[in-house]
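So the structure is just underneath, and the comments pick up after that.
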Amino acid sequence: MMNARTMPLWLTGGFRPFFFLGAVAMAASVAIWIPVYLGQWQVPTAFAPRDWHVHTMLFGGVLAIIAGFALTAVSNWTGRPPVAGRELLGLVVLWLAGRVAVSASLLIGPVTAAAVDLLFPLALVAIFAREVIAGGNYRNLRVVALVALFGVVDLCFHVEAAVTGSADHALRAAVAVVVTIIMLIGGRIVPAFTRNWLAARRQARLPAGFSSVDKITMIASVTALIAWIVVPESLVTGGLLLVAGLLNAVRMARWCGLATRREPLLFVLHLAFATIPAGFAFLGAAIVSDGVLDPVAAVHVWTTGTVGLMTLAVMMRASRGHSGRALEAGWLEVTVYVLAGLGALARVIAPLMPVWMLPLFEIAALGWVAAYLLFAAGYFRMLFVRP
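Numbering follows the working numbering, in which position 87 of the sequence shown is assigned residue number 98; successive positions increment by one, without gaps.
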């Protein structure tokens, strides 16, 4: 058996392998997608090219980052030893097997690929639930439930793609679950980190605590997302999304975000969360405007803005905190934020500027890939090498 002295550093905590692997997967999901989209390359997958791109990003990269965060956070929530050693290694192997299976599903068959791919979320949920229950931390079972739901959506993604050739409903469901997870967890950590930072500086005004505003916002947001999954073109759906956008803006306005603008490692969390109400508003407006605005661009407010900025911000903060580094942003962190932000902005506005669409797509892709690869390279020693 592995012990603390012989165990490699990268197997001592879930954030170490999964933040690195998640970042690589996020970069690959776009770096490979661009030549595939342009017809210059083919991936031997049974998925349609767009669905492979989305699956690799959400069920590959995002789920790995969620795993790294959850496996690390659950130890703090419960006071139990972190998931480490051979058990963590087994999860890494299952994740890698899933990525190979999905990308080679044309060769091994979609059923086999789905079975292999689903092993990781099943194992992750089982371990996550075991730790929460063993620690008596039952309030966090809701987070376990959302991760389990993400695994169910992964199954639906495979089924819908196999039956119809395109996983449109499952794609929307996957985005909706990720946004919900970020609303839930981000809605806890962003005001909490802000409160601690401001309190340490003896500021009089602190973020508002969890209240009925948060509950109403979550209920309205989930309702709007369910409507979007089922009837994405309905005017009622558009209205629900607009209401959810307004409520989320009110919710985060209570968190004193501007007071953190001189601390990039914290301020970026507020910027990332701000893309959630922006995404609701943009998507709702795209639906009610009957094609004047591009709904695909609206969804990319969430996928490139919310997902991109929030995952990078959380990975860097958690990596520094759990590695004993100061919670301060240097040139590398700021560069990553800028690259991700510019990439997200370029992707969202590209459809609105037809003449510049292709160059903007290229800027978006370069910004996204560079941001994640810079994180992976810049944080490699912190995650894998003992000081």
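Virtual Cβ for every residue (Gly too), placed ideally from N, Cα, C.
query	result
Should TYR390 go down as buried or exposed, given a rule of 16 or more other Cβ atoms within 10 Å for buried?	buried
Specify the secondary structure class of SER334 as computed by DSSP and reduced to three states.	coil
Assess, as a yes-or-no matter, whether the segment 134 to 146 is touched by the segment 168 to 183 under the definition of 3 or more beta carbon pairs within less than 8 Å.	no
Tell me which residue opens and which closes the alpha helix (DSSP H) that LEU377 is part of.	368 to 389
Around the Cβ of SER300, are there at least 16 other Cβ atoms within 10 angstroms (buried) or fewer (exposed)?	exposed
Are the CB atoms of ILE374 and ALA357 nearer to each other than 8 Å?	yes
Closest by CA to ALA381, which one among LEU338, PRO370 and LEU343?	LEU343
Helix, strand or coil: how does DSSP classify VAL54 here?	coil
In terms of residues, what are the limits of the alpha helix (DSSP H) holding TRP21?	No alpha helix (DSSP H) holds TRP21; DSSP gives it neither H nor E.
I'd like to know if the segment 187 to 197 and the segment 152 to 167 are in contact, where contact means that at least 3 CB-CB pairs between them fall below 8 Å.	yes
Hey, which unbroken runs of the alpha helix (DSSP H) at 4 residues or more fall wholly within the segment 70 to 112?	74 to 89
Closest to LEU280 by CA distance: which of ILE360, VAL318 and GLY256 is it?	VAL318
Assign TYR149 to buried or exposed, taking buried as 16 or more other Cβ atoms, counted over all protein chains shown, within 10 Å of its Cβ.	exposed
Write down every uninterrupted run of the alpha helix (DSSP H) in the segment 176 to 257 whose length is 4 residues or greater and which is fully enclosed by it, in chain order.	179 to 211 and 223 to 241
Report the rounded CA-to-CA distance for ALA184 versus VAL164, giving the unit in angstroms.	7 Å
Within 10 Å of its beta-carbon, does VAL113 have 16 or more other beta-carbons around it, so buried, or fewer, so exposed?	buried
Taking the straight line between their C-alpha atoms, what separation do you get for ALA81 and GLY120?	31 Å
Quick check on the burial criterion: 16 or more other C-beta atoms within 10 angstroms. Buried or exposed for GLY50?	exposed
Is the beta carbon of VAL129 less than 8 Å from the beta carbon of LEU74?	The sequence given here places Leu at residue 129; Val does not occur at that position. Result no, Cβ atoms of LEU129 and LEU74 do not sit closer than 8 Å.
Relative to the C-alpha of TRP313, which candidate in LEU276, VAL261, SER177 and GLY352 has its C-alpha closest?	GLY352
Going by CA-CA distance only, name the one from PHE291, LEU363 and VAL241 that's closest to ALA231.	PHE291
Less than 6 Å between C-beta atoms, sequence neighbours within five positions excluded: which residues of the same chain meet that for ALA372?	What sits at residue 372 in the sequence shown is Phe, not Ala. Same-chain partners within the cutoff: ALA361.
PRO275 to VAL307, Cα distance in whole Å?	29 Å
Does DSSP classify ILE11 as helix, strand or coil?	Outside the shown range of the chain (12 to 398) lies residue 11, about which nothing can therefore be said.
Among residues of its own chain, excluding the 5 on either side of LEU394, which ones have a beta-carbon nearer than 7 Å to its beta-carbon?	TRP21, ARG27, PHE30, PHE31 and SER330
8 Å is my cut-off, CB to CB: does VAL261 come that close to chain C?	Note that chain C does not occur in the displayed structure, where there is just one protein chain.
Closer than 7 Å: is that where the CB of LEU369 sits relative to any heavy atom of the ligand SAH?	Among the components modelled here there is no ligand, and therefore nothing to report on the ligand SAH.
With DSSP as the reference, label VAL143 as helix, strand or coil.	helix
Out of MET229, ARG397, PRO398 and LEU377, which has the shortest C-alpha to C-alpha gap to PRO46?	LEU377
Just to confirm, is the Cβ distance from THR315 to TRP379 under 8 Å?	yes
Pick out whichever of VAL190, GLY71, THR271 and PHE386 has its Cα sitting closest to the Cα of LEU209.	THR271
Have a look at TYR48, ALA145 and PRO132 and flag the residue whose alpha-carbon is nearest the alpha-carbon of GLY162.	PRO132
Can you tell me where the alpha helix (DSSP H) with TYR48 in it begins and where it stops?	44 to 48
Between which two residues does the alpha helix (DSSP H) containing ARG61 stretch?	60 to 66
How big is the Cα-Cα spacing for VAL261 and SER86?	32 Å
Do the CB positions of ALA36 and GLY90 come within less than 8 Å of each other?	no
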